[in-house]
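K.L.:
Questions regarding the structure given below will be posed in turn.
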Amino acid sequence: LEELLKWSHKLCRKHLMPLSVSLQAKDSDDDDEVTVSVDRDRFMDEFFEQVEEIRGFIDKISENVEEVKRKHSAILASPNPDE
Numbered sequence: 001l002e003e004l005l006k007w008s009h010k011l012c013r014k015h016l017m018p019l020s021v022s023l024q025a026k027d028s029d030d031d032d033e034v035t036v037s038v039d040r041d042r043f044m045d046e047f048f049e050q051v052e053e054i055r056g057f058i059d060k061i062s063e064n065v066e067e068v069k070r071k072h073s074a075i076l077a078s079p080n081p082d083e
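Spelled out as structure tokens, the structure:
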């Protein structure tokens, strides 16, 4: 989980904060509409790399959950020394 949080923080710093897009008002009368120009190929490649990395983290978390379940069952099945 700590590794996932570090990765998430790194992702925000790397991609969201410095994301350079050109925002241009389409019309001086309509300030609510903007055009966003982004390098789509590079963005999509990075996006899919990040998706694969996240899938790896999810698999690792699933493995850790299964290990916790096994240990929890073993602890519950062991004799209680307090009795």
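Using my numbering, read the sequence shown as starting at 1 and increasing by one per residue. Ideal Cβ positions, reconstructed from N, Cα and C, are used throughout, including at glycine.
1) What span of residues does the alpha helix (DSSP H) with N64 cover, start to end?
2) How big is the Cα-Cα spacing for K26 and E52?
3) Is it the case that the Cβ atoms of L4 and F57 are separated by a distance below 7 Å?
P.N.:
In brief:
1) R40 to A77
2) Summary for K26: the model assigns pLDDT 46, below 50, so the residue's position carries little reliability; its value from the coordinates is reported in the next sentence. Separation of K26 and E52 (C-alpha to C-alpha, rounded to the nearest whole angstrom) is 36 Å.
3) yes
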